[in-house]
Every structure is written in structure tokens, then in C-alpha cells.
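Engineer:
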Amino acid sequence: MNAAQKILIFGGSILAAFGMLYGLHYAIFVEHQTLDRMGGSLAAAFVHAAEGNSPEAETAVESYAATKYEYVRQVDVHSHWIGLAMLLILMGVIFDYVAFSLRARFWIAIALLAGAFVFPFGVVLQTSRFGAPLASALAVLGAALVTIALAAVALGLAVRTPADR
Amino acid sequence: MGTPTTSANLGATTFALMSARRVLIFGGIALIAGGMFFGDIFAVFVLHQNGGQTGAALLAASRAVAVGDSLAVKNSFQHIGGLLEDHGTKVDTHVHMTGAGYLALLLALLQPYVALPPKRKRLLAWWFVAGGLLLPTGIFLIHYVGLAYSPSSVIGWASVLADSAGAVLIAVLSAEAWGLWRHFRSGTDVTEPSLPRDRSWEDRILLSAGTFLVLLGFLYGSWYAAFDLYEHEVRETRILKSMLASATNGQGGEARAVADYGSLAAEKAVKIAAHSHIIEFGLLAILLSFIQPYIQLSEIWKRRWVVVLLAGSVILPVFVLLELKLGLLAGAIADVGGLMVVVALLAMLTGVVRYSGSLDAAASAKG
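These protein sequence lines are chains A and B, in that order. Numbered by our numbering, the letters in the first sequence go through residues 5 to 169 in order. Numbered by our numbering, the letters in the second sequence go through residues 6 to 372 in order.
1. In this structure, does DSSP put B:PRO2 in helix, strand or coil?
2. Using 8 Å for Cβ pairs, my map puts B:ALA290 next to B:ALA368. What's the rounded Cβ distance?
3. Just mark B:ARG261 as buried or exposed, buried being the case when its beta carbon has 16 or more other beta carbons within 10 Å.
4. What did DSSP end up calling B:PRO4 once you bin it into helix, strand or coil?
5. Shorter than 8 Å from the beta carbon of A:THR151 to some beta carbon of chain B?
6. Kindly indicate which residue of B:VAL28, B:TRP206, B:LEU166 and B:LEU249 has the alpha-carbon position closest to the one of B:ARG308.
7. Tell me whether B:ASN80 sits in a helix, a strand or coil according to DSSP, three-state version.
8. DSSP three-state call for B:VAL374: helix, strand or coil?
9. Tell me which residues of the stretch 225 to 236 of chain B have at least one Cβ-Cβ distance to chain A shorter than 9 Å, keeping chain order.
10. Since A:LEU149 and A:ALA118 should fall inside the 8 Å C-beta cutoff, what is the C-beta to C-beta distance between them, to a whole number of angstroms?
11. Within 8 Å (strictly less), CB to CB, does B:GLY73 reach chain A?
12. Apart from the five residues just before and just after B:ALA170, which ones in its own chain have a Cβ nearer than 7 Å to its Cβ?
13. Just checking: is the beta-carbon of A:ILE98 within a distance shorter than 8 Å of some beta-carbon in chain B?
14. Under 8 Å between C-beta atoms, does A:PHE50 make it to chain B?
15. Taking only beta-carbon positions, decide if A:ALA155 is within less than 8 Å of chain B.
16. At least one CB of chain B closer than 8 Å to the CB of A:LEU145: is that the case?
17. So what's A:PRO137 in DSSP terms, helix, strand or just coil?
18. Run down chain A in chain order and give the residues with a C-beta less than 9 Å from the C-beta of B:GLY104.
19. Within 10 angstroms of its Cβ, does A:PRO124 collect 16 or more other Cβ (buried), or is it exposed?
20. Among B:ALA252, B:GLN58 and B:ALA279, which residue has its Cα nearest to the Cα of B:PHE324?
21. Does B:LYS124 pass the burial test, meaning 16 or more other C-beta atoms within 10 Å, or should it be called exposed?
22. Which residues in chain A sit within 9 Å of B:GLU238, going by Cβ to Cβ distance?
23. How far does the alpha helix (DSSP H) with B:MET41 in it extend, from its first residue to its last?
24. Give me the Cβ distance between B:GLY343 and B:GLY44, rounded to the nearest whole Å; I'm assuming they're in contact under 8 Å.
25. With distances taken from CA atoms, which of A:ASP40, A:TRP111, A:GLY56 and A:LEU92 is nearest A:TYR75?
26. Which same chain residues, not among the five before or five after B:SER12, have their C-beta less than 7 Å away from its C-beta?
27. Measure the beta-carbon distance from A:ALA48 to B:LEU249 and round it to whole angstroms, keeping in mind my assumption that it falls under 8 Å.
28. Once the 5 residues before and after B:MET6 are set aside, which same chain residues still bring their CB inside 6 Å of it?
29. What residues from chain A crowd round B:VAL70, counting only those whose CB sits closer than 8 Å?
30. Should B:THR305 be labelled buried (16 or more other beta-carbon atoms within 10 Å of its own) or exposed?
31. Quick check: the Cα distance between A:MET24 and B:ASN80, rounded to an integer number of angstroms?
32. So, with DSSP's three-state summary, where would you put A:PHE104?
33. Can you tell which of B:VAL263, B:ALA25 and B:PHE82 has its C-alpha closest to the C-alpha of B:LEU110?
34. At 3 residues or longer, what runs of the beta strand (DSSP E) sit wholly inside the stretch 21 to 46 of chain A?
35. How big is the Cα-Cα spacing for A:GLU66 and B:ILE147?
36. Kindly indicate if chain A contains any beta-carbon less than 8 Å away from that of B:LEU326.
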């Protein structure tokens, strides 16, 4: 097994376990409370409206939107980390069939691993108090890294190796 | 009847009776097929009906706002909460069962690099398959068990089952990662032969089409994040505000606003489903390329099932997207696409069962 494969398989395993731990922590300590808050805000908006209290209703809708913004991203992070981890492990196993030099494959593996970590990390940062533009930039950078690296893998698999001829 | 493309000797070393790899391959394919079948049943019998009921309850809440009946509003939202939980837990059951199946197949590929004793690897494999079955079972039961007999005011016993099964999966994955680390650190040879690659037509098509599908799913996901995600979030807030304004000013536009809200929910759901399914099917195709040598079917039938699987993998996400334009007809075609994938998977599983049966029979004949 070469260095690129080790990076992908070991990095992918760590990322999968990390993504699951994140999901478990979220399911136990955050998710139920967030869903209650989200449903509560929406119900409160309608109750305030029924009572003729439009400003409070509007505030409750804004609160619902803010909680949902957070919820969607937290769930996305969990699923994307695990999904990308599976992809990394799989790429590690098939990397011998990618018709590029060892050095090129090493850098593709680095790009895949870095992108797989940075993309969801940027998404989760969007829910924190840090600057949203920086978080979005990180997410875009991570997604671009993974996509370009995967396109390189697809190209490497499409090219026939001497063993295939 | 065809013969396996690899020798019985190879099978005996790479697919031994009750080995971790065999448990993970059987368990993985069964979990994926089960999860997809559940998803198809959900799409046909629950999804649209649930969406319709949620829309009706939201309209009832808007009308209760119009007449200033806050108690009726609360009752409507209690009903909506139940409907959303029903919908969410069923989607999660489908996603977690197929996800555990993918991970099981991945672990089967990694077994040669896991430096642990065979007995422990086998035990880990059984734990993983059991966790992969109990996690979605627990999630499915959340809606029905609720908080009955629970000491907590937030988490019920079904959630406890799901979370415990999730913890088992994490523990197994950590142990497998530890085995991988031992292998990498020691620099020793693999602990068992890798899965053979025969570079057959089926193998190459599944590998290249799978990679292409994953790439396509990534590009579509990027498009969705860039152009749809934020617009949907802004639109949802705007529709909710207009729904409340219509209800309170008595102009009667709440039915229109509820319909807009339903359309938005459908648009979000189909776009996310298309993105996730095309990537999942790509991963599945790549994973299945590895087990082709173990499928004891004639060459022509192996090819046919590969074509059925890939056709279903394209039909489902494409027609899920087209639901926005073609309505239920496209939904029905998408469900057929999902069924094609399930049938192809079961056919491949049958081929693997035949292969392992002939392998075991030969081994027992030798004594």
C-alpha cells in the first residue's frame, strides 16, 4: 500500500468515526432541543398572530428561520463528513487503478482529505459567531478541492493502464 | 449456469466460511437492499400523503389565526409536529440503514489491512451488522414509542436504542481504525488476501460509471448550494410572514401562501434527494465492482444486472428532479428506478449466496 492509499484509508476512517461522534453528540445533546425550539418558534408565531400581536409574531418567525438555518447546517455537517469519509476509504482501495504517477496520486489524496475535512467544517462555522464570509469561503474551497480531486480520479480511472491493455 | 470468474481456491482464501469479510458483504448488501426497499415503500405510501396532511394542518392553523383562536393554532401545531416527526424518522431510517450497508461493504474491502486476530474481526463484523440493523430500527420506532415509560422528558426508549446502536457502530469503527493503525505502523504484509479484481466488463463499467455518478452528484450539490439553498431559506421566511399577514388582515390569501409553502418544501426535498441519491448510487456501483468475482451467475446475466442497476441509478434521481415539472408520473417512474436498483442488488446477492454455497459444499466434500 502506497502513501496516497494510507492517507485516504486512514484519514477516511478517522473522519468517519469523527463524523459519527459528532452525530451522536448532536443527537443526544442538541437535536431534540433544537427541534423543540424550531417547532416552538413557529407555533408561537401563529399563536401571537392569532392574538393580534404582529410584531411578536414576526420576531418568532425570524427566530424559527435562525434556528432552522443552524439545524440544516448541523445535520449537513454530520452527513457530509461521513459520506466524504466513505468516499475517501473507497478511493484509497481503488487508487492503484488511477493511471497517474505516485507523486500525482499523493497530492490528489491530500486534496481529497483536506477538502473532505474543510468543506463541512466551513459549513458548521457558518452557524458560529465567526465571520460568515470566511466560513462560506472555507466551505467553497473545500468543496472545490474535493470536486477537482475527484474529477482527476475519474480521469485517472478512464485512462487505460498498461495492465488493462 | 455460469461459473465464478475466480478459482475455488481463491474463494476459499478470500471468502472463507463465516469470515468477517463474508459477514460484512452479506450484511452490507442486505442492509442496502433493505434500506432502499424501505425508501421505496415510504415514497409510494407515506411521503405524499404525509405532505398533504401537513399542508392541511398548516392551512387549519392559518384559518385559526384568522378567527383569533389560539387554542386551535396550538392543536394544529401539535398535529404538524407529529406529522413532521413521522416523516423525519422514516427518512432517517432509510438513510441510516443504507449508510450502514455502505460502511459494511467498505469494511469488507479493508479487512486485509486490519491487523487484528480473525476471531476478533469476525466478532466486530457481527457487531457492526447488528448495530447497522438496530440503529434504523430504533429511529423507526421513535415516532411510535414516543416518551412512553421514559425517565427523560426529551429522549424516549427508541432514541436510547438508536443512540446505543450508533455507539456500537462508532466502537466497531474505532476498533477497525485501531487495527488499520497497527497495520500501517508495523509495515507488515496484509493479514489476508485482498479482494480479487478481474477487470471484467462489469467491473470496469461499475467503477467508471460509479465515479462519474459521484462527480455528477458533487457538481449538482455545488450548484444547489450556490444558487438554491439561500434563496429557499429567504423564500420560506417570506412565505411564512405573508401567510400570517394574510390570516390577520382577513384578505383570505392564506390558502395561496400554504400552497406556496408546500411547493417550496417539495422543491427542496426533490433537489436534495436527487443530490444525495446520485452520489449514493455512484458509491454503490464502485463498491459492487469489488464483489463481481463472487457472483455466481452467467456472464450475460451479470451484465444484465449491472445495466439494470446503473439504469435505475440514473432514472431515480433524474425523475425525482422532474417531479417538479411532471408531477406524480415522474414520481412513479422514480420509484420504479429505485425498485430496479433493489432488484439488481437482490440478484447480485443471490449470485453471492450461490457462490458461497458451492464453495462451502466443495470444502465439506473435501472433509
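Backbone N, C-alpha and C define an ideal beta-carbon position, used for all residues, glycine too.
Structural biologist: In terms of the structure at hand:
1. Because chain B here runs from 6 to 372, residue 2 of chain B falls outside it and cannot be looked at.
2. In the second sequence, residue 290 of chain B corresponds to position 285, counting from 1. In the second sequence, residue 368 of chain B corresponds to position 363, counting from 1. That pair is no contact at about 31 Å.
3. For the purposes of this step, residue 261 of chain B is taken as the residue at position 256 of the second sequence. With fewer than 16 other Cβ atoms within 10 Å, it is exposed.
4. Because chain B in this structure spans residues 6 to 372, residue 4 of chain B falls outside the shown range and cannot be described.
5. The residue given as residue 151 of chain A occupies position 147 in the first sequence. So, interface residue.
6. As a first step, residue 308 of chain B is located in the second sequence; it is residue number 303 there, counting from the start. Answer by Cα proximity: B:TRP206.
7. For the purposes of this step, residue 80 of chain B is taken as the residue at position 75 of the second sequence. Here B:ASN80 sits in helix by DSSP.
8. Missing from the structure shown is residue 374 of chain B; chain B here goes from 6 to 372 and no further.
9. GLY226, SER227, ALA230, ALA231 and LEU234
10. Looking up residue 149 of chain A in the first sequence gives position 145. Looking up residue 118 of chain A in the first sequence gives position 114. That belief holds up - the Cβ atoms of A:LEU149 and A:ALA118 are roughly 6 Å apart, short of 8 Å.
11. Position 68 of the second sequence holds residue 73 of chain B. Yes, its Cβ sits closer than 8 Å to a Cβ of chain A.
12. Counted from its first residue, the second sequence places residue 170 of chain B at position 165. Counting only Cβ-Cβ distances below 7 Å, and skipping sequence neighbours, we find GLY136, LEU139, LEU140 and GLY143.
13. As a first step, residue 98 of chain A must be located in the first sequence, where it is residue number 94. True, the Cβ-Cβ gap to chain B drops below 8 Å.
14. Position 46 of the first sequence holds residue 50 of chain A. Closer than 8 Å: yes.
15. If you number the first sequence from 1, residue 155 of chain A lands on position 151. Yes, its Cβ sits closer than 8 Å to a Cβ of chain B.
16. Here residue 145 of chain A refers to the residue found at position 141 of the first sequence. It does not: the Cβ of A:LEU145 has no partner Cβ on chain B nearer than 8 Å.
17. One-based indexing of the first sequence puts residue 137 of chain A at position 133. Residue state, collapsed to three classes: helix.
18. By 1-based counting over the second sequence, the position of residue 104 of chain B is 99. SER83, ILE86, GLY87 and MET90, listed in chain order.
19. The sequence position of residue 124 of chain A within the first sequence is 120, counting from 1. Buried: at least 16 other Cβ atoms inside 10 Å.
20. As a working mapping, residue 324 of chain B is identified with position 319 in the second sequence. Nearest option by C-alpha distance: B:ALA279.
21. Counting from one through the second sequence, the residue named residue 124 of chain B turns up at place 119. It counts as exposed.
22. Against the second sequence, residue 238 of chain B aligns to sequence position 233. Within 9 Å Cβ-Cβ: ALA69, LYS72, TYR73 and VAL76.
23. Indexing the second sequence from 1 puts residue 41 of chain B at position 36. That run of the alpha helix (DSSP H) goes 25 to 47.
24. Translated into the one-based positions of the second sequence, residue 343 of chain B becomes position 338. Translated into the one-based positions of the second sequence, residue 44 of chain B becomes position 39. Yes, B:GLY343 and B:GLY44 are in contact; Cβ-Cβ is about 6 Å, under 8 Å.
25. Walking along the first sequence from the start, residue 75 of chain A turns up at place 71. Looking at the Cα atoms, A:ASP40 is the closest of the given residues.
26. Locating residue 12 of chain B in the second sequence gives position 7, where the first residue counts as 1. Bear in mind that the predicted position of B:SER12 carries a pLDDT of just 48, short of 50, making it unreliable; the figure below should be weighed with that in mind. Answer for B:SER12: no residue qualifies.
27. The residue given as residue 48 of chain A occupies position 44 in the first sequence. The residue given as residue 249 of chain B occupies position 244 in the second sequence. In fact, because the Cβ distance is near 11 Å, the residues do not count as touching under 8 Å.
28. For the purposes of this step, residue 6 of chain B is taken as residue 1 along the second sequence, with counting starting at 1. The predicted model places B:MET6 with a pLDDT of 37, which falls under 50 and marks its position as unreliable; any figure quoted below should be read in that light. Excluding sequence neighbours, B:MET6 sits near nothing in its chain.
29. Reading the second sequence from its first residue, position 65 is the one you call residue 70 of chain B. Near B:VAL70 (Cβ distances below 8 Å), the residues of chain A are PHE50, ALA53 and ALA54.
30. Residue numbering aside, residue 305 of chain B sits at position 300 when the second sequence is read from its first letter. The sequence given here has Ile at residue 305 of chain B, not Thr. That one is exposed.
31. By 1-based counting over the first sequence, the position of residue 24 of chain A is 20. By 1-based counting over the second sequence, the position of residue 80 of chain B is 75. The straight-line gap from Cα to Cα measures roughly 36 Å.
32. If you number the first sequence from 1, residue 104 of chain A lands on position 100. Of the three classes helix, strand and coil, the one that applies to A:PHE104 here is coil, per DSSP.
33. For this step, residue 110 of chain B is matched to residue 105 along the second sequence. It is B:ALA25.
34. none
35. Position 62 of the first sequence holds residue 66 of chain A. Position 142 of the second sequence holds residue 147 of chain B. About 29 Å.
36. Taking the first residue of the second sequence as position 1, residue 326 of chain B is located at position 321. Answer no: the Cβ-Cβ gap between B:LEU326 and chain A never drops below 8 Å.
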